[in-house]
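Input: a single structure, listed below in structure tokens.
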Amino acid sequence: MVKVVQNIHFPVSARSFVVPIVEALNERHIDSELWVEDNPCHQELLAAISVPKRLIESDLTLNPIKLFKKVSCYRKCLRQANPNAVHAHQTRASVIPLIAAYLEQIPVRVYHNHGLPYLGYRGPMRWLLRVIEKINISLATHILLVSQSNLEAAVVDGLLPKG
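Every position in the sequence shown, counted from 1, becomes a number in the numbering used here once 16 is added.
Shown next, in the form of structure tokens:
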């Protein structure tokens, strides 16, 4: 049986982008679960999400101790869930799930890029966001971008190979 973990950190984005994917997969008898941050500001929204879900910290932190703890926790949860695939959405919310899935040798690791945030910045922030994109891409077995223009920018900027 195939089992898919869908990860996104922000509950509002989860409702808009990921819940329909989880619903569609489950309707087709592909066991799928939403993993989302437990955001105190969005308790009502989280309660209204009716698909199978797990509340888990996956938002990127630059604090190395917190990062290690989040990756360790995520790995433990992956071992419990035993998925065949992890589908991680959005740039900064994908780093921890993709690192954990890579370390746990999950065979299918999808990075679903919903936009290239580095394009809107200059200087050190642009460099940092571009590095995060490179990390996500290098950890994923499959990469999805939301538009042809994002794909073209990623190729031009050397994030993805041509073709």
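Backbone N, C-alpha and C define an ideal beta-carbon position, used for all residues, glycine too.
Note that the structure is predicted; figures quoted are calculated from it, not measured.
- In the DSSP annotation of this structure, Ser48 is not part of any alpha helix (DSSP H); the continuous beta strand (DSSP E) holding it starts and ends at Asp47 to Val52.
- Its chain contains Glu53, Ser74, Asp75 and Ala109 as the residues whose beta carbon lies nearer than 6 Å to that of His25, once the 5 sequence neighbours on both sides are disregarded; these appear in chain order.
- Per DSSP, Ala104 is one residue of the beta strand (DSSP E) stretching across Ala101 to His105.
- Contact between Val34 and His105 holds, since their C-beta atoms are separated by about 6 Å, short of 8 Å.
- In its chain, beyond the 5 residues on either side, His103, Ala104, His105 and Leu160 have a beta carbon closer than 7 Å to the beta carbon of His128.
- Separation of Leu94 and Pro36 (C-alpha to C-alpha, rounded to the nearest whole angstrom) is 22 Å.
- Between the beta-carbon of Leu145 and that of Ala170 there is about 13 Å, and that puts the pair past the 8 Å contact cut.
- Looking at the DSSP output, Val124 sits in a beta bridge with Ala101.
- For Asn23, DSSP records a beta bridge to Trp51 and Ala104.
- Beta-bridge analysis with DSSP links Leu160 to His128.
- Classified as exposed, Val162 has fewer than 16 neighbouring CB atoms from the shown chains inside 10 Å of its CB.
- In this structure the region 79-87 does not touch the region 60-68; the number of beta carbon pairs closer than 8 Å is below three.
- In this structure, DSSP gives Leu78 a state outside helix and strand, which the three-state scheme calls coil.
- Contact between Val20 and Ile46 holds, with the beta-carbon distance rounding to 6 Å and staying under 8 Å.
- According to DSSP, Leu71 shares a beta bridge with Val52.
- Secondary structure at Met141: helix, using DSSP grouped into helix, strand and coil.
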